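Notes follow once the structure below has been shown.
Numbering (the UniProt record's numbering), first residue to last: 1 to 249.
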């Protein structure tokens with residue numbers, strides 16, 4: 001589908017969760033079509049813009065790296081409880097996985113550096129204290145093209161950081177994040193948020209303001225992740241490196 005919008009017409013990609021809740025009484029092709037048409041008429045979603053070839057390649061490499069890191073954790077966990085007879089096999093697998101992790105990480109950085117636009121965006125993202133090469137690669141892979149997000153708020157929702165409020169009458173449940181967006185973006189921002197909380201002056205001040213009224217530690221970290229995404233959007237949108245004075249203003 002990525003290669004044929006010009007030939008096949010305009011594509012609009014909808015989030016299934018945004019429309020499926022209305023399919024209560026019937027689930028048929030006709031009901032689906034009617035519901036999607038009504039949704040598009042009401043919300044006027046923007047046409048889907050296919051990612052460029054370099055972004056598709058970067059997404060594949062970033063996804064592969066995440067898969068390898070998951071395999072590494074699984075084998076490490078097995079090693080901790082394995083019988084002595086099985087340990088050499090697990091250790092051999094870990095060696096191979098580590099080699100592949102190094103290879104894919106190198107491929108990712110080489111790919112970014114081979115494309116001037118990605119390379120310049122990488123430089124701006126790396127100017128943000130707390131964000132490193134791995135996080136930069138994930139951001140570039142999954143928020144490009146940035147033009148499809150009209151605001152940082154839209155990007156936050158895409159990543160699944162928007163709050164999900166649960167309230168009925170006098171009852172109010174915990175406010176949680178939606179977690180319906182891009183899981184790789186959320187995973188990529190967790191460790192940077194911990195680092196930025198200590199070394200990024202903007203995030204430090206931001207977190208201190210949340211800690212003072214008694215926010216729970218995980219609430220503070222999630223808020224820091226969301227704030228980092230706002231800052232990343234700002235530097236990419238403006239084309240300028242991170243400026244703490246502007247971010248604190």
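Where a beta carbon is used, it is the ideal one built from N, C-alpha and C, also for glycine.
Keep in mind the model is a prediction, meaning the values are calculated, not measured.
- DSSP places residue 161 outside any alpha helix (DSSP H), giving it a letter other than H or E.
- Contact between the segment 184-191 and the segment 131-141 is present: three or more C-beta pairs spanning the two stretches fall below 8 Å.
- Rounded to whole angstroms, the separation of the alpha carbons of residue 154 and residue 65 is 26 Å.
- In the three-state scheme derived from DSSP, where H, G and I count as helix and E and B as strand, residue 89 is classed as helix.
- For residue 73, the three-state secondary structure derived from DSSP is helix.
- Rounded to the nearest whole angstrom, the CA to CA distance from residue 239 to residue 34 is 42 Å.
- The alpha carbon of residue 160 has as its nearest neighbour, out of 186, 70, 82, the alpha carbon of 186.
- Taking the C-beta atoms as reference points, residue 127 is found nearer than 8 Å to residue 241.
- Here residue 83 carries a coil assignment [DSSP, helix/strand/coil].
- Within the same chain, Cβ atoms closer than 7 Å to the Cβ of residue 129 are found at 196, 199, 200, the five residues on either side in sequence being excluded.
- In chain order, 54, 57, 58, 61, 118 place their CB closer than 8 Å to the CB of residue 111, counting only its own chain and leaving out the 5 sequence neighbours on each side.
- Residue 230 carries a helical assignment under DSSP once its states are collapsed to helix, strand and coil.
- Scanning 32, 227, 31 for the CA closest to the CA of residue 131 turns up 227.
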